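In my numbering, the protein residues as written are 1120 to 1426. Cβ atoms here follow ideal geometry from the backbone N, Cα and C, with glycine treated the same way. This structure is a prediction, so every number in the text was calculated from the model and none was measured.
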Amino acid sequence: MNNIIDVKNLSVLFGGFKAVNDISFDVKKGEIFGFLGANGAGKTTTIRVLCGILKPSSGKVVLEGKDVTKSIQILKNKIGYMSQKSTLYKDLTIAENITFSGRLYNMDDGKIEKRQKELFDFIGLKENVSKIAGSLPLGIKQMVALCATVIHDPEIIFLDEPTAGVDPKTRERFWELIKNMASSGKTVFVTTHYMDEASYCNRIVLMDKGSIIDFDCPDNLKTKYFKQKPVEIKFKDNLVQNKIMKEFENQNAGYGYIFADTLRFFVNNKTNFENIISEYKKDLTVTQTEATLEDVFLKALQRENKK
Ligand SMILES: Nc1ncnc2c1ncn2[C@@H]1O[C@H](COP(=O)(O)OP(=O)(O)OP(=O)(O)O)[C@@H](O)[C@H]1O
Ligand SMILES: [Mg+2]
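Below is the structure:
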């Protein structure tokens, strides 16, 4: 099989608390693999085990055919890890940060400079490399941290919320680099809270309180949770909106969330829903829409909490 990572029955306990609870999954070579979950779900803890930083309480993690708990020294050059908090040294310049990272992997300075230029050119980073890292805006900081993480051209790249707090334009550039690395055969393991980013992943693990609640590609997850596509409803005014939402509730027509002036609605009972819509057709407009990964995540959590 072309699995580059195999995780079997992994658990991590901190004292009596199970931060990771018996999870199993595989990651294929060259895929962008997403880890999604609310705060405290166990994403960072899992990454730390996969990188060999943290010993699991039980279970097995195999990376490129080797047990990480025994072979982390051999695997070191194959892994790049960008931790959740910025990994740059604030009082060093951009160039010094990159050089430091490259030297840790025994790269000579000429090679480091060449690779840095390639990465910066690709990402469109024109920042003066003699700037102090601590003074950079967050988006630039994270891009420099990513370049430092992949300076030694690792096979597997672990990125723990690399774009948290970064503006949308910079996130887009960031993801261009991630996609490019994956298309050149690198494996990218990424955690994120941004659902638009999750849709770039080939497969996604949904985590909650240490357990995997689902695991598949984005399209399969969407069709699994939503046989019927959601609709968006705009109302003539707030009064009408409240009245109709009450009707939906009374007749168990479905459920929804209000975003600004639009109700995102998931139909449970088609007949009741259509009856209400036709009764109030002068007061609203309905548009068919697609399920998003955010919808999937919320529904998966709901199901999990009902268990
Ligand atoms: N060293 C530790 N000692 C004790 N508890 C810990 C330790 N590290 C993590 N935890 C706890 O384990 C749980 C999982 O933490 P983890 O950092 O893996 O979550 P996460 O999914 O990365 O969350 P976030 O989205 O906030 O980054 C949390 O409840 C956290 O408080
Ligand atoms: Mg985390």
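Neighbour-count burial assignment, residue i, 16 or more Cβ in a 10 Å radius
i, result
"Ile1193", "exposed"
"Asn1216", "buried"
"Leu1358", "exposed"
"Glu1237", "exposed"
"Cys1448", "The question about residue 1448 has no answer here: the residues shown for the chain are numbered 1120 through 1426."
"Phe1308", "buried"
"Ser1177", "exposed"
"Ile1231", "buried"
"Asp1333", "buried"
"Arg1167", "buried"
Delimiting residues of the beta strand (DSSP E) encompassing residue i
i, result
"Ser1130", "Asn1122 to Phe1133"
"Asp1315", "From DSSP, Asp1315 is part of no beta strand (DSSP E) but of the alpha helix (DSSP H) over Met1314 to Ala1317."
"Ser1176", "Counting along the chain, Ser1176 falls outside any beta strand (DSSP E), and DSSP gives it neither H nor E."
"Val1269", "From DSSP, Val1269 is part of no beta strand (DSSP E); its letter is neither H nor E."
"Gly1153", "Ile1151 to Gly1156"
"Lys1401", "It is not in any beta strand (DSSP E) - Lys1401 carries neither H nor E in the DSSP assignment."
"Lys1137", "Phe1136 to Lys1147"
"Thr1212", "Note, Thr1212: premise wrong, no beta strand (DSSP E); not H, not E."
"Thr1408", "It is not in any beta strand (DSSP E) - Thr1408 carries neither H nor E in the DSSP assignment."
"Thr1306", "Thr1306 to Thr1310"
Where the alpha helix (DSSP H) containing residue i begins and where it ends
i, result
"Gln1203", "Where Gln1203 is concerned, there is no enclosing alpha helix (DSSP H), given that its DSSP letter is neither H nor E."
"Asp1414", "Leu1412 to Lys1425"
"Lys1389", "Lys1389 to Glu1398"
"Leu1068", "Residue numbering for the chain in the displayed model covers 1120 to 1426; residue 1068 lies beyond these limits and cannot be assessed."
"Asn1299", "Pro1287 to Ser1302"
"Leu1194", "Val1187 to Leu1194"
Distance CB(residue i)-CB(residue j) smaller than 9 Å
i, j, result
"Met1201", "Leu1129", "no"
"Thr1404", "Lys1348", "no"
"Val1386", "Val1350", "yes"
"Glu1246", "Thr1282", "no"
"Leu1420", "Met1314", "no"
"Cys1320", "Ile1151", "yes"
"Ile1198", "Pro1273", "yes"
"Lys1328", "Gly1161", "yes"
"Gln1235", "Gly1221", "yes"
Contact with chain B by residue i, beta-carbon distance below 9 Å
i, result
"Gln1421", "Note that chain B does not occur in the displayed structure, where there is just one protein chain."
Inset, instruction - Please list the segments of the beta strand (DSSP E) lying wholly inside the segment 1319 to 1383, counting only runs of 3 or more residues, in order along the chain. - result: 1322 to 1327, 1330 to 1335, 1350 to 1354 and 1373 to 1378
Inset, instruction - Could you name each continuous alpha helix (DSSP H) segment of 4 residues or more that falls completely within the segment 1214 to 1256, going from the start of the chain to the end? - result: 1228 to 1242
Inset, instruction - Would you list the residues whose beta-carbon is nearer than 7 Å to any heavy atom of ligand 2, in the order they occur in the chain? - result: Lys1162, Thr1163, Gln1203, Asp1279, Glu1280 and Thr1310
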